[in-house]
Amino acid sequence: MTTEAPPTATTPGRGARLLDGIERVGNRLPDPFSLFLLLFGVVAVASSIMAALDLVVEVPDAEEPTPIRGFFTADGFTWLTTNLVDNFIGFPPLGVVLTILLAVGVAQRTGLLAAMVRRAFGRAPRWALPYVVGVISVAGNIMSDAAMVALPPLAAMVFAAAGRHPVAGLLGSFAAVTAGYSCSPFITSADALLSGITTSAAESLGNPGTAVTPVSNYFLMATIALLLGAVTGFLIDRVLEPSLIRKQVPRTTTADNPESAAAPADGRGHRNRNGDREWNDDRDRDDRDNDHDDTGNGNDAAALSDGSDLGHTELTDDERSGLRWAGVAFLATAFGVLALTLPSGAPMRAEDGSFLPSSPLLDSVVFLVFLSLIVPAIVYGIRVRTVRGGSSLATMMTGAVKDMSGFVVVAFVMAQFLALFNWSGLSSWLAVTGADLLQRAHFTGFGAIVAFVLLAAVINVFVISGSAQWALFAAVFVPMFALLGYEPGFIQAAFRIGDSSTNGLSPLNPYMVIILGFLRAYEPRAGLGTVISRALPFSLVFLILWIAVLAVFFVTGTPVGPGMGIHL
């Protein structure tokens, strides 16, 4: 019987103490549903007190001051009882997100998305693997949350097959997927969700500026996405992989053990407080064969929750044929859209023949995204026989809706909070007050935008849901910056930069525990601090570069999306 030596009694360094503090504080935050329920109560009480004090809001250009309306009044009671359903059904992100995810669910469950990823990974030469992992991982967010489970272990497997360090592929892919969730080369449900929240927030000032649509940030996000893939590849190749080799992190997994159990949901039970260096010392490496404290292995965990196996990169003949037919279907769909768009007098043009700032083409973005996903997915599914009729499509869409049930529940209370925030006038009061303070401090230029980006990056560590965080931020900062002369769509873009940069650092990220499980197949004693410390260089570089890109757009006045400028 082997007895392990007791842990070395050393005092945790500043970095380890900081990570411990972040985890402790973050774990005290309530879940999103409870958080917005609590905020609803705070706004209800605050608005009632302010209404009792007869406070008003002096909105610029308004004919008369707007009084604060209290929730705990007769008007507040009747407002809630008569608008509860309308607040929920009229919540802009709800219908848009569900519509797009119906198509994503079909594309995922037919096997199309998995086949596309395996095809892209399998053809990459050894030297280019880090860059291919970066590009594919950034683009992989079109698979929604499935990308965070599917792509990192697949990248590890491909790295190992090419003779490179599998952990570099695993963690590099995770960094790119989490960052790419907010900065994508494609229009996804995230664009629809954020634009809907922005529109709701802008209503408190009468929807100033250009209407915010899912493509309003596309120019900036596409630019960042292109850089993100290349920068991720560079950091994997020149920073992460050399570091892993220097620390002698094992390249092979521990032996499969049927008694291996999943880690606790919060990932805290296996934390070694002495830091990474002790986890990788000689004694730990000698004892790894006797340590079964892992959360699974890269082979088992490479399967998607819906059963799509990504444990190999070789495609079958049917899958290759299915991809070809799906490509043809996509091109045919694109040709049909162009035929309805390009000719003079085409129905997708505005009445004057233009596309900007508004046209049926821009108003049809959700439909076009849905169509470009669903048509190739159906054709692929028919070819590989995962689609056998309308009933199978209905089953796939039902599964997608079930996956989004948690969002629907949170959306209900989120919609009530935002509606009360706007109805009470509290959002306008905060916006006007904040704008006035910034103006008095002469802090209204690009420095204010950078401060906002940094604030979003820091808060994102504690509120991992980008939509939840933006719902909080948008209600205050969209009207506030609008009063300073900035387009709501531009402020949304600035938020997305901060949000994308630190997604991989939050211990509250539920996929952090999953990645930790994959990592423990190589390093059984790894903890959350291991993942966070190795993701930190990616986050810092991303944040600095993205602010620089935003500065270029700001200084040159380049639109951040179709028709979406910087200033009102």
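So the sequence shown is numbered by the working numbering: it starts at 2 and just counts up by one. Every residue, glycine too, gets a C-beta built ideally from N, C-alpha and C. Computed from a predicted model, the values in this text were never measured in an experiment.
Helix, strand or coil, according to DSSP, for Val57 in the structure here? What you label residue 57 is simply residue 56 of the sequence shown in a count that begins at 1. Strand, per DSSP.
Going by other Cβ atoms of all chains shown within 10 Å of its Cβ, with 16 needed for buried, is Gly337 buried or exposed? The residue you call residue 337 lines up with position 336 of the sequence shown. Gly337 comes out exposed.
With a threshold of 8 Å, are at least 3 pairs of Cβ atoms found where one atom belongs to the region 88 to 106 and the other to the region 393 to 402? Yes, the region 88 to 106 is in contact with the region 393 to 402.
Could you compute how far the alpha carbon of Ser429 sits from the alpha carbon of Ser205? In the sequence shown, residue 429 corresponds to position 428, counting from 1. In the sequence shown, residue 205 corresponds to position 204, counting from 1. So the two alpha carbons sit approximately 6 Å from each other.
When you compare the CB positions of Gly323 and Arg252, do they come within less than 9 Å of one another, or not? If you number the sequence shown from 1, residue 323 lands on position 322. If you number the sequence shown from 1, residue 252 lands on position 251. Pairing Gly323 with Arg252 gives a Cβ-Cβ distance that is not under 9 Å.
Cβ neighbour criterion (16 or more within 10 Å) applied to Leu39: Within the sequence shown, the letter at position 38 stands for residue 39. Counting Cβ neighbours within 10 Å, Leu39 comes out exposed, since fewer than 16 surround it.
Is the beta carbon of Ala475 closer than 9 Å to that of Thr254? Against the sequence shown, residue 254 aligns to sequence position 253. Against the sequence shown, residue 475 aligns to sequence position 474. Not a contact, by the Cβ cut-off of 9 Å.
May I ask which residues mark the beginning and end of the alpha helix (DSSP H) holding Gln493? Here residue 493 corresponds to residue number 492 of the sequence shown, with the count starting at 1. Gln493 -> alpha helix (DSSP H) spans 489 to 502.
Can you look up Pro66 in the DSSP assignment and give me helix, strand or coil? The sequence position of residue 66 within the sequence shown is 65, counting from 1. Looking at Pro66 - three-state DSSP - the assignment turns out to be coil, as it is neither helix nor strand.
Contacts around Leu537, its chain only, beta-carbon distance under 7 Å, and the 5 residues preceding and following it disregarded: In the sequence shown, the residue the question calls residue 537 occupies position 536. Correct list, in chain order: Leu506.
Look at Leu439 and Thr503 and say whether their C-beta atoms are less than 9 Å apart. Within the sequence shown, numbered from 1, the residue matching residue 439 stands at position 438. Within the sequence shown, numbered from 1, the residue matching residue 503 stands at position 502. Between Leu439 and Thr503, the CB-CB gap reaches or exceeds 9 Å.
Please state if the CB of Tyr219 and the CB of Ile188 are separated by a distance shorter than 9 Å. Residue 188 sits at position 187 when you count from the first residue of the sequence shown. Residue 219 sits at position 218 when you count from the first residue of the sequence shown. A contact, by the Cβ cut-off of 9 Å.
From Ala552 to Thr83, what distance separates their C-alpha atoms? Stepping through the sequence shown from its first residue, residue 552 is reached at position 551. Stepping through the sequence shown from its first residue, residue 83 is reached at position 82. The C-alpha of Ala552 lies about 45 Å from the C-alpha of Thr83.
Using only the alpha-carbon positions, how far apart do Arg526 and Phe496 sit? Numbered from 1 along the sequence shown, position 525 holds the residue referred to as residue 526. Numbered from 1 along the sequence shown, position 495 holds the residue referred to as residue 496. Straight-line Cα distance between these residues: approximately 36 Å.
What is the DSSP secondary structure of Ala302, reduced to helix, strand or coil? Within the sequence shown, numbered from 1, the residue matching residue 302 stands at position 301. Because Ala302 carries a pLDDT of 33, less than 50, the predicted location of this residue cannot be relied on, and no value is offered for it.
Can you look up Gly562 in the DSSP assignment and give me helix, strand or coil? For the purposes of this step, residue 562 is taken as the residue at position 561 of the sequence shown. Gly562: strand per DSSP, three-state reduction.
Option in Ala161, Arg165, Gly170, Ala223 with minimal Cα separation from Cys184: Position 183 of the sequence shown, counted from the start, is the residue given in the question as residue 184. For Cys184, the nearest C-alpha among the options comes from Ala223.
Does the Cβ of Gln211 have 16 or more other Cβ atoms within 10 Å, making it buried, or fewer, making it exposed? Position 210 of the sequence shown, counting from 1, holds the residue named residue 211. Note that residue 211 is Thr in the sequence shown here, rather than Gln. Thr211 comes out buried.
Residue of Leu541, Leu517, Ser540 minimising C-alpha distance to Gly530: For the purposes of this step, residue 530 is identified with residue 529 of the sequence shown, where counting begins at 1. Ranking Leu541, Leu517, Ser540 by Cα distance to Gly530 puts Leu517 first.
For a test of your reading of the model: does the CB of Leu456 fall under 8 Å from any non-hydrogen atom of the ligand FMN? Yes or no. This structure lacks the ligand FMN; in fact it carries no ligand of any kind.
Inter-residue spacing [alpha-carbon to alpha-carbon] between Asp238 and Asn423: The residue you call residue 238 lines up with position 237 of the sequence shown. The residue you call residue 423 lines up with position 422 of the sequence shown. The alpha-carbon atoms of Asp238 and Asn423 are separated by roughly 48 Å.
With C-beta atoms as the reference, is Glu315 less than 9 Å away from Arg119? For the purposes of this step, residue 315 is taken as residue 314 along the sequence shown, with counting starting at 1. For the purposes of this step, residue 119 is taken as residue 118 along the sequence shown, with counting starting at 1. Contact: yes.
Is the distance from the Cβ of Ala494 to the Cβ of Leu113 below 9 Å? Position 493 of the sequence shown, counted from the first residue, corresponds to residue 494. Position 112 of the sequence shown, counted from the first residue, corresponds to residue 113. For Ala494 and Leu113, no; Cβs fall outside 9 Å.
Sort out for me which residues DSSP pairs His166 with in a bridge. Taking the sequence shown and counting its residues from 1, the one referred to as residue 166 is at position 165. His166 is not bridged to any residue.
In angstroms with no decimal places, state the Cα-to-Cα distance between Glu242 and Val370. Residue numbering aside, residue 242 sits at position 241 when the sequence shown is read from its first letter. Residue numbering aside, residue 370 sits at position 369 when the sequence shown is read from its first letter. Their Cα atoms are separated by approximately 37 Å.
Counting along the chain, where does the alpha helix (DSSP H) carrying Arg325 start and finish? By one-based count along the sequence shown, residue 325 stands at place 324. Annotation: the continuous alpha helix (DSSP H) that includes Arg325 extends over 318 to 340.
Can you say whether Gly42 is buried or exposed, counting buried as having 16 or more other CB atoms within 10 angstroms of its CB? The count along the sequence shown starts at 1 and reaches residue 42 at position 41. So Gly42 ends up on the exposed side.
Backbone CA spacing between Pro138 and Leu152 [nearest angstrom]: Here residue 138 refers to the residue found at position 137 of the sequence shown. Here residue 152 refers to the residue found at position 151 of the sequence shown. Residue 138 is actually Ser in this sequence, not Pro. Computed Cα separation, rounded: 7 Å.
Which residue spans inside the region 363 to 423 form an unbroken alpha helix (DSSP H) run of at least 4? Fully enclosed alpha helix (DSSP H) runs of 4 or longer: 366 to 385, 391 to 404.
Among all the DSSP beta bridges, which residues are the ones paired with His443? Residue 443 sits at position 442 when you count from the first residue of the sequence shown. His443 pairs with nothing; no bridge assigned.
Would the beta-carbon of Leu431 fall within 9 Å of that of Val380? As a first step, residue 431 is located in the sequence shown; it is residue number 430 there, counting from the start. As a first step, residue 380 is located in the sequence shown; it is residue number 379 there, counting from the start. In this structure, Val380 does not lie closer than 9 Å to Leu431 by Cβ.
Between Val402, Phe418, Gly173, which has its C-alpha nearest Arg535's C-alpha? What you label residue 535 is simply residue 534 of the sequence shown in a count that begins at 1. Nearest of Val402, Phe418, Gly173 to Arg535, Cα basis: Gly173.
Since Tyr182 and Ser501 should fall inside the 8 Å C-beta cutoff, what is the C-beta to C-beta distance between them, to a whole number of angstroms? Against the sequence shown, residue 182 aligns to sequence position 181. Against the sequence shown, residue 501 aligns to sequence position 500. Between Tyr182 and Ser501, the beta carbon gap of about 7 Å places them in contact (Cβ cut-off 8 Å).
Mind checking Trp128: buried by the 16 CB within 10 Å criterion, or exposed? For this step, residue 128 is matched to residue 127 along the sequence shown. Answer is exposed; the Cβ neighbour count stays below 16.
Close Cβ partners of Leu245 (< 7 Å) along its chain, the five nearest in sequence each way excluded: Within the sequence shown, numbered from 1, the residue matching residue 245 stands at position 244. So the list reads His166, Val168, Ala169, once near-sequence residues are dropped.
Report the start-end ranges of each alpha helix (DSSP H) in the region 159 to 209 that is 4 residues or longer and not cut off at the edges. With a minimum length of 4 residues, the continuous alpha helix (DSSP H) runs that stay inside the region 159 to 209 are 167 to 181, 190 to 203.
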